[in-house]
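Going by the UniProt record's numbering, the residue at position 157 of the sequence shown is 157; the numbering climbs one at a time, nothing skipped.
Here a beta-carbon is modelled for each residue, glycine too, at the ideal position from N, C-alpha and C.
To keep things clear, I will list the structure first and then write my remarks on it.
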Amino acid sequence: MDFATIIGFVGGIGVLGFLIHEGGGLERYYSEHAVIVIFGGSLTATLIRFELSAFLSAFPTAIKTVFRGSHGNPRDLIAEIAEMAAIVRKSGPVGLDKATPHDPFLAKGVRYVADGFDETFIRETLERERDLNLHRLEMAGKVFRGIGDCAPAFGMIGTLIGMVQMFAEMSDPSKLGVFMAIALLATLYGAIVGNFFFLPIADKLAIKFAHDELNQTLVIDGVLQLRAGKSPAVVKEMLIAYLPEKHRAAVIEAAA
């Protein structure tokens, strides 16, 4: 569970709710015209930019990803792979049958080693799964960024429509306030939808992309070292390149 995402959404909704409450209540800030312009315009414009399959799959991918906590950091993965290397050196690949890695991707690779699959099969299968996972995250991020970019623009379009309506009714002062409110609410909705929801999710997907790319590439290299029967010290020395410089000393000391 990614608590940062939950805290961010709950906190943001709380702040907006407080401001709306203090500003006169929800009814004053609701406009169905603005909702139609922002959501209808943003979603349809995004559909023009992407294939329907990419658009539809972006939402379940985002929901599943942005609330998912990290399965592990590179230091923990290196330590876990080194422990399994010790098992392989002692009992052979069959010794990994009872291993229970915390990371699902690592668990799959370890199972391949325990089952005796050759290096080429392991590499190609894990790389294919990694690449497809990264492709899904990348496309979902692009879709959400597209919607986030469109929302403020359609907010401005809604504002302009409201201004046109307002100037067209200059002869009736009683309607000026209504049209002005619609115009301003469109801008407000566009700013909130884009900058509070879609763009932050797009950024979170980009972070998850980088995290998964690093960790899953590390796992692939580590699993191939297990398949080759390398010692724990060699495995750590080979995988330490995935760590920032300041964290490498701790891993080296642990291996000593």
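Exercise. Is it buried or exposed for T44, if we count other Cβ within 10 angstroms and need 16 for buried?
Worked result: The residue is exposed, with fewer than 16 neighbouring Cβ atoms inside 10 Å.
Problem set entry | Continuous alpha helix (DSSP H) stretch holding P74: start and end | Its alpha helix (DSSP H) spans residues P74 to S91.
Problem set entry | Unbroken alpha helix (DSSP H) run spanning R111, endpoints | For R111, the enclosing alpha helix (DSSP H) stretches over residues P104 to A114.
For this session: Could you give the DSSP three-state label for T100: helix, strand or coil?
Result: Residue state, collapsed to three classes: coil.
Exercise. What do you reckon, are the CB atoms on K236 and A82 nearer than 8 Å?
Worked result: For the 8 Å CB-CB criterion, K236 and A82 form a contact.
Problem set entry | Neighbourhood of E169 by C-beta distance below 8 Å, restricted to the same chain and skipping five residues each side | Around E169: K175, L176 and F179.
Problem set entry | Touching by the beta-carbon criterion (3+ pairs, under 8 Å), the region 11-30 and the region 107-114 | Cβ pair count under 8 Å is below three, so no.
For this session: Could you round the C-beta distance between V37 and I201 to whole angstroms and report it? I think they count as a contact, below 8 Å.
Result: At roughly 21 Å, the Cβ-Cβ gap does not stay under 8 Å, so V37 and I201 are not in contact.
Exercise. Hey, quick one: how far does the alpha helix (DSSP H) through N195 stretch, first residue to last?
Worked result: From DSSP, N195 is part of no alpha helix (DSSP H); its letter is neither H nor E.
Exercise. Under a Cβ-count criterion, where at least 16 other Cβ atoms within 10 Å of its own Cβ denotes burial, should F121 be classed as buried or exposed?
Worked result: By the 10 Å Cβ count, F121 comes out exposed.
For this session: Throw me the rounded Cβ distance for the residue 304 and M156 pair, which I believe falls under 8 Å.
Result: This structure cannot settle anything about residue 304, because the visible part of the chain is limited to 1 through 256.
For this session: Measure the Cβ-Cβ separation of L243 and M84 and say whether it is below 8 Å.
Result: Cβ distance not < 8 Å, so L243 and M84 don't count as in contact.
Problem set entry | For R68, three-class secondary structure by DSSP | In the structure shown, R68 sits in coil (DSSP, three-state: anything other than H, G, I, E or B).
Exercise. Roughly how many angstroms separate the alpha carbons of S171 and H211, rounded to a whole number?
Worked result: The alpha-carbon atoms of S171 and H211 are separated by roughly 59 Å.
Problem set entry | Assumed close pair L214, A62 - CB separation to whole angstroms, cut-off 8 Å | About 20 Å separates the two Cβ atoms, so there is no contact after all.
Exercise. Ordered along the chain, which non-local residues of its own chain (more than five positions away) have a Cβ less than 6 Å from that of L126?
Worked result: Here the set comprises G109 and I220.
Problem set entry | Nearest neighbour of V113, chosen from L137, L132 and V88 [CA to CA] | V113 has its Cα closest to that of V88, out of L137, L132 and V88.
For this session: List the whole-angstrom C-beta distance separating V143 from F50, where the pair is believed to meet the contact cut-off of C-beta under 8 Å.
Result: Correct: roughly 6 Å between the Cβ atoms.
Problem set entry | Sequence-distant residues of the same chain with beta carbon closer than 6 Å to P93, five excluded per side | Once the five neighbours on either side are set aside, the close Cβ partners of P93 are V113 and A114.
Exercise. The alpha helix (DSSP H) with L19 in it runs from where to where?
Worked result: For L19, the enclosing alpha helix (DSSP H) stretches over residues F3 to E22.
Problem set entry | Every unbroken alpha helix (DSSP H) within the region 180-252, with a cutoff of 4 residues, ordered by chain | The qualifying runs are 199-228 and 232-239.
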